Amino acid sequence: MKDFRNEFLTASATLMIVAALAACGTAAQHPINIVPTEQGFVISEGPEKVMVYQRKHKSLDGKYTRANYIHPLYGLDGEVLTEDFPRDHLHHRGVFWAWHQVWLSDMKLSDPWATIDARWDVYDAKILTPDSKSRALQLSVYWKSPLRTDSTGKQVPFVKETTTITVHSAKDDMRKIDFQIELLALENDMRLGGSEDAKGYGGFTTRIPLPDGLAFTGTDGPVEPTNLS
């Protein structure tokens, strides 16, 4: 009787190699690429950059320290859509999510919006592939402050952030980018707040270049911006 064992093993090994090569080929052909760098991650579609995620802290002459944000964000024609360290508001940065008030009980720990006493420890980053037309960057971030330390002076995290940025392939004249931001308090009585004025602004924000001659207009002509409250 013929022994098919060796032939079966050879065929199985060949099939496994072919399957592995096919999987590698599929991954290589995915339109969205996420590549780590010393500063963070570059997300591209084919040869065109889509955005850069800033993982490491950066500053301007030691001031306005920031991390955990997007800049540059590129348009479909390669134009830069965001600003970092703009002269009129040096604390602004690309696409970011931050609040003016972070409190632990009756102690204000930081003002991440204005980059005051705020640090972002991006301790983990994962590249996900939800489908054949999108890729995601999932980030695990500890919020820290020099005002919250242990007995050795080491900064202690008080909020855990999990952010998933999903970039979809461009279609026609648009591209979808989804941001899912989850915040988990690591201490009791944690509170977030917007600006301490009538505006109360904060949260998800984009800083885009302002055009010359910016004006507010309505159906009856020019409008003077005023506070309604």
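Heads up, the sequence shown stops at 262 in my numbering, and the numbers go up one at a time, no gaps.
Glycine residues also receive a C-beta, built at the ideal position from the N, C-alpha and C atoms.
Computed from a predicted structure; not experimentally measured.
Do residue i and residue j have their CB atoms nearer than 9 Å?
| i | j | result |
| --- | --- | --- |
| I149 | F129 | no |
| Y107 | V68 | no |
| L170 | K193 | no |
| E71 | I241 | no |
| F212 | F237 | yes |
| L109 | D222 | no |
| V200 | I210 | yes |
Suppose you measure from the CA of residue i to the CA of residue j; what does that come to, to the nearest Å?
| i | j | result |
| --- | --- | --- |
| L123 | D94 | 12 Å |
| T259 | Y234 | 15 Å |
| F249 | V113 | 24 Å |
| R168 | T162 | 5 Å |
| G254 | W176 | 45 Å |
| K218 | T252 | The identity of residue 218 in the sequence shown is Ala, whereas the question assumes Lys. Distance between the alpha carbons of A218 and T252: 46 Å. |
| K166 | M207 | 14 Å |
| P105 | Q134 | 26 Å |
| L172 | P244 | 33 Å |
| S202 | I65 | 7 Å |
| V75 | A100 | 15 Å |
| A131 | G79 | 31 Å |
| K187 | K232 | 35 Å |
| W153 | G246 | 36 Å |
| A158 | H90 | 15 Å |
| D264 | E229 | Summary: the structure shown does not reach residue 264, with the chain confined to residues 34 through 262, and so no result is reported for it. |
| P205 | E220 | Looking at the sequence provided, one finds Asp at residue 205 rather than Pro. C-alpha separation (whole angstroms): 46 Å. |
| T98 | D144 | 12 Å |
| P119 | K96 | 13 Å |
Among the residues of its own chain, which have a CB less than 7 Å from the CB of residue i, if the five just before and after it don't count?
| i | result |
| --- | --- |
| D183 | V189 |
| T239 | T115, V128 |
| I160 | I67, R168, L170 |
| S77 | N66, V83 |
Pop quiz: residue i and residue j are said to be a contact at Cβ under 8 Å. What is the actual Cβ separation, rounded to whole angstroms?
| i | j | result |
| --- | --- | --- |
| L274 | L225 | The chain is shown only over 34 to 262; residue 274 falls outside these bounds and no answer can be derived. |
| R88 | G73 | 4 Å |
| H178 | A147 | A small fix is needed here, since residue 178 is Ser in this sequence, not His. Not quite, the Cβ-Cβ distance comes to about 13 Å (not below 8 Å), so this is no contact. |
| V174 | T197 | Not quite, the Cβ-Cβ distance comes to about 12 Å (not below 8 Å), so this is no contact. |
Any idea what DSSP makes of residue i, helix, strand or coil?
| i | result |
| --- | --- |
| G236 | strand |
| V256 | coil |
| K96 | strand |
| A55 | Only weak support exists for where A55 lies, its pLDDT of 48 falling under 50; the value from the coordinates is given anyway. Looking at A55 - three-state DSSP - the assignment turns out to be helix. |
| E215 | strand |
| V83 | strand |
| E229 | coil |
| T185 | coil |
| A248 | coil |
| R88 | coil |
| G73 | strand |
| A147 | coil |
Mind checking whether the beta-carbon of residue i lies closer than 8 Å to any heavy atom of the ligand NAD?
| i | result |
| --- | --- |
| V128 | Looking for the ligand NAD in the displayed structure turns up nothing, as the structure carries no ligands at all. |
Once the 5 residues before and after residue i are set aside, which same chain residues still bring their CB inside 8 Å of it?
| i | result |
| --- | --- |
| H63 | T162, S165, R168 |
| V256 | F249, T250 |
| Y156 | S173, V174, Y175 |
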